[in-house]
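Okay, structure first, notes after.
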Amino acid sequence: MKIVTWNINGVRARIGNLTHWLTESAPDIVCLQEIKTVDDQFPRAEIEALGYNVETHGQKGFNGVALLSKLRFGEVTKGLPGDDADEQARFIEGVFSTDKGALRVASLYLPNGNPIDDEKKFPYKLSWMARLERWAEERLRLEEALVLAGDYNVIPEPIDARFPENWLGDALFQPQTRQAFRRLLNLGFTEAVRAVTDAPDTYTFWDYQAGAWQKNNGIRIDHLLLSPEAANRFSSASIEKHVRAWEKPSDHVPVAIDLALLPA
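Just so it is clear: in the sequence shown, position 141 is 141 by UniProt numbering, and no numbers are missing.
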């Protein structure tokens with residue numbers, strides 16, 4: 001079963017790229033971030049025509065997450081618990097039936113957090129990550145296959161940036177941010193890409209500015225975390241880097257894993 005995360009950076013602006021990629025890559029479950037649209041304006045017809053079920057948690061103009069699945073949804077949860085006042089659409093969870101039991105997949109879009117001296121933005125990022133940690137700890141107790149996939153806006157280690165020194169003042173690379181990510185991992189998750197490669201120049205995002213793509217000036221901020229039950233079924237991970245070279249690309253590329261699971 002192929003599960004992919006992709007920050008699409010505006011689904012309506014890139015629906016052509018998305019449908020072409022869905023046909024080319026043939027994922028079973030897709031976690032989208034930054035769909036940048038309300039639910040009733042999401043281009044579901046074009047995606048459903050390719051055989052996908054669609055669930056969205058949208059927001060006008062920015063944020064927004066979605067799940068596309070060839071499997072039928074058993075349950076859907078929209079919004080990360082823990083703060084009833086949080087109106088930003090950054091989290092959606094789907095539950096699916098497989099031959100090995102329940103599979104839970106969450107598409108998440110962590111806050112950017114910049115600038116770090118803003119009295120609200122960086123504290124919001126850290127509080128959101130703390131809420132995610134509490135939620136993940138509860139979900140792990142279910143002892144089910146769980147995949148937390150998305151744009152984490154976290155550069156975990158210096159090797160995950162072409163020029164780490166350029167990110168020292170950025171919220172994505174702050175010690176508090178990286179520590180929060182490690183606390184999440186230390187609950188028992190496997191970080192899929194680094195489970196298969198420790199190679200440098202392994203990136204998922206290239207800015208639109210200053211020829212970052214052409215110079216391979218990238219960072220790795222899109223991650224898939226696997227519960228022990230999912231990790232036991234994990235067979236491969238890959239970054240579909242070529243998509244960044246398409247016309248009107250997102251600044252992120254799809255990151256994929258394969259799990260030895262079949263639809264029930």
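We treat Cβ as the ideally placed atom computed from N, Cα and C, and that holds for glycine. Here the structure is a predicted model, which means the values were calculated and not measured.
With a threshold of 9 Å between beta carbons, is residue i in contact with chain D?
i, result
"Lys100", "Annotation note: the requested chain D is absent from the structure, which comprises a single protein chain."
DSSP on residue i, reduced to helix/strand/coil?
i, result
"Tyr52", "coil"
"Gln209", "coil"
"Pro175", "helix"
"Thr37", "coil"
"Lys2", "strand"
"Asn166", "helix"
"Thr202", "coil"
"Thr197", "coil"
"Leu22", "helix"
"His263", "Before going on, a small fix: residue 263 reads as Pro here, not His. Looking at Pro263 - three-state DSSP - the assignment turns out to be strand."
"Ala145", "strand"
Bridge partners of residue i, per DSSP?
i, result
"Glu93", "Thr77, Ala106"
"Gly150", "Leu108, His223"
"Val65", "Gln33, His57"
"His252", "Phe205"
"Ala237", "Ile257"
"Asn7", "Gln33"
"Glu191", "Leu225"
"residue 287", "This structure gives no information on residue 287, because the portion of the chain shown stretches from 1 to 264."
What's the gap between the Cα of residue i and the Cα of residue j?
i, j, result
"Arg12", "Asp99", "35 Å"
"Pro81", "Gly74", "19 Å"
"Thr197", "Leu140", "25 Å"
"Glu229", "Leu103", "9 Å"
"Ala49", "Leu68", "12 Å"
"Phe42", "Trp21", "17 Å"
"Phe205", "Glu240", "11 Å"
"Ala106", "Ile29", "10 Å"
"Thr5", "Ile257", "9 Å"
"Leu90", "Gly211", "Inspection of the sequence shows that residue 90 is occupied by Arg rather than by Leu. Distance between the alpha carbons of Arg90 and Gly211 is about 29 Å."
Contact check, residue i vs residue j under 8 Å by CB: the rounded distance?
i, j, result
"Gly218", "Tyr208", "So it is not a contact: roughly 12 Å between Cβ atoms."
"Glu55", "Gly79", "In fact, because the Cβ distance is near 13 Å, the residues do not count as touching under 8 Å."
"Tyr109", "Ile221", "About 11 Å; that fails the 8 Å criterion."
"Lys36", "Gly16", "With a Cβ gap of about 16 Å, Lys36 and Gly16 do not count as contacting."
"Ala145", "Leu262", "Contact doesn't hold; Cβ gap of about 12 Å is too wide."
"Ala149", "Leu224", "5 Å"
Take residue i and list the residues in its own chain whose beta-carbon comes closer than 6 Å to its own, dropping the five residues that flank it on each side.
i, result
"Gly113", "Lys121, Phe122, Lys125, Ala171"
Excluding five sequence neighbours on each side, which residues of the same chain lie with their C-beta closer than 7 Å to the C-beta of residue i?
i, result
"Arg14", "Ile8, Lys248, Ser250"
"Leu226", "Val147, Phe189, Thr190, Ala192, Phe234"
"Thr23", "Leu50"
What does a CB cutoff of less than 8 Å around residue i pick up in its chain, not counting 5 residues either side in sequence?
i, result
"Ile116", "Phe122, Gly169, Asp170, Ala171, Gln174"
"Val76", "Glu55, Leu67, Ile92, Glu93, Gly94, Val95"
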